[in-house]
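Asker:
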Amino acid sequence: MKIRISIPEPCQEGWNNMTPVDDQRSHCKSCNRVLTDFSQMSDTELALYFTQSKGKLCGHFAKHQLNRPLFVPAENPKKKYWLSALWLIPFAWFAKPAQAQTITGKPPVCVNDGKQQTVADTTKQQQAVPAATKISGTITDANTGKPVKNAEVTLSYRKDYNSPLEPVCKTTTDAKGNYSLPLPVQEKGKMGTWLITAAEPNYIHGYSLYKPEEQKEKYDIALRDAMDVMDGVMVIDRD
869 MKIRISIPEP CQEGWNNMTP VDDQRSHCKS CNRVLTDFSQ MSDTELALYF TQSKGKLCGH
929 FAKHQLNRPL FVPAENPKKK YWLSALWLIP FAWFAKPAQA QTITGKPPVC VNDGKQQTVA
989 DTTKQQQAVP AATKISGTIT DANTGKPVKN AEVTLSYRKD YNSPLEPVCK TTTDAKGNYS
1049 LPLPVQEKGK MGTWLITAAE PNYIHGYSLY KPEEQKEKYD IALRDAMDVM DGVMVIDRD
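So that you can map any letter, position 5 of the sequence shown is 873 in the working numbering, and since no number is skipped, the others follow by simple counting.
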C-alpha cells in the first residue's frame, strides 16, 4: 500500500506567524485550525501516521514530502512512541530545585514584569535568589547541518492552553550556533508549558519543549529553509 500527500490550497498565514501550541503544533488564526509539524518525519513515519488517521487534517510539511508515493511497510508496529506523542498536549510540567551555576559571556536578556533587564546587571535580584539553571544547545541548518549564527533563542512560558506565551529569557547564537539561557529560579515551580523558540529571518521557526522534571540542559534545534516548507489542509490519496 502507498499514499500520496498533497496540499491543493496552501495556507497563506505562514508557519512563523502562527501561535505555537507546543513544539509540534501551531494554531492558525486565519482558518482557526491547529497544524501539526510533519516536516521532520521520515517517509515510513508519515505513511504509518496517515494510514491510522482519518478526517480533515492540517499540516506543516517539507516540500520534498509532498506529491510523491510514500510506501506503507508490510508490518505495521502495534505501538510507536512517536505516533502516540503527537496527540499529547503538554499541559503541565513540574520543576526540580534549581542548582547554582556561573553565567559566562554576554548575559541574555530576561523579561520580568514587562521590563527588560540584563541578568548580570540585576545585582539586587541575584542577591535575593540563587543562580538560575542553564539551558544550552546548538541551532543548525536542517539540510546542511551547519550552525546558524545570530539566531534569536527565546524561552517562553504559558500557564495553560488558553494563555499566551510569555517570554522569560532570550539570547542570540554565536558564530558556532551555540546559545545559553538561564532559567530564573523565581520562574521555576510554575505549572504550565515551557517552550524554546529559535528564530532567524531566512528560516522557519524551530521549537523544543523544555521539561524541568527531566533535568535536561541541552536542547538542539534544526531549522528548515523558509522556501522548503508548505502549510495547509492536506489531501491523502491511498492506493
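All residues carry an ideal CB built from backbone N, CA and C; glycine is no exception.
Can you give me the C-alpha to C-alpha distance between Arg-893 and Tyr-1047, rounded to a whole angstrom?
Answerer: In a straight line, the C-alpha of Arg-893 is about 24 angstroms away from that of Tyr-1047.
Asker: Any contact of the stretch 894 to 907 with the stretch 1032 to 1042, i.e. 3+ C-beta pairs under 8 angstroms?
Answerer: Short answer: they don't touch.
Asker: In this structure, does DSSP put His-1073 in helix, strand or coil?
Answerer: His-1073: coil per DSSP, three-state reduction.
Asker: In this structure, how does DSSP classify Asp-1105 when only helix, strand and coil are distinguished?
Answerer: Here Asp-1105 sits in strand by DSSP.
Asker: Leaving aside the five residues before and after Glu-1034 along the sequence, list all residues of the same chain whose C-beta is less than 8 angstroms from its C-beta, in chain order.
Answerer: Result list for Glu-1034: Val-979, Ser-1024, Tyr-1025, Arg-1026, in chain order.
Asker: For Val-889, is the classification buried or exposed, using 16 other Cβ atoms within 10 angstroms of its Cβ as the cut-off for buried?
Answerer: So Val-889 counts as buried.
Asker: Are the beta-carbon atoms of Met-1098 and Lys-931 separated by less than 8 angstroms?
Answerer: Going by C-beta atoms, Met-1098 is nearer than 8 angstroms to Lys-931.
Asker: For Asp-1105, count neighbouring C-beta atoms within 10 Å of its own C-beta (all shown protein chains included) and say buried if the count is 16 or more, exposed if not.
Answerer: Under this definition Asp-1105 is an exposed residue.
Asker: Would you kindly report the start and end of the unbroken alpha helix (DSSP H) that includes Tyr-917?
Answerer: Looking at the DSSP string, the run of the alpha helix (DSSP H) that includes Tyr-917 is 911 to 919.
Asker: Taking C-alpha atoms, which residue in Pro-941, Tyr-917, Gly-1013, Thr-1065 lies nearest to Ser-1004?
Answerer: Measuring from the Cα of Ser-1004, the nearest candidate turns out to be Thr-1065.
Asker: Thr-1001 to Ile-871, Cα distance in whole Å?
Answerer: Taking the straight line from one Cα to the other gives about 46 angstroms.
Asker: Under three-state DSSP, which class holds Glu-1034?
Answerer: Looking at Glu-1034 - three-state DSSP - the assignment turns out to be strand.
Asker: For Asp-1009, does the three-state DSSP call read helix, strand or coil?
Answerer: Strand, per DSSP.
Asker: What number of angstroms, rounded off, separates the C-alpha of Gly-1074 from the C-alpha of Ala-1067?
Answerer: Gly-1074 and Ala-1067: Cα-Cα distance of roughly 7 angstroms.
Asker: Reducing DSSP to helix, strand and coil, say where Met-869 ends up.
Answerer: In the structure shown, Met-869 sits in coil (DSSP, three-state: anything other than H, G, I, E or B).
Asker: Would you tell me roughly how many angstroms separate the C-alpha atoms of Asn-1018 and Gly-1045, rounded to the nearest one?
Answerer: Answer to the nearest angstrom: the Cα atoms are 8 angstroms apart.
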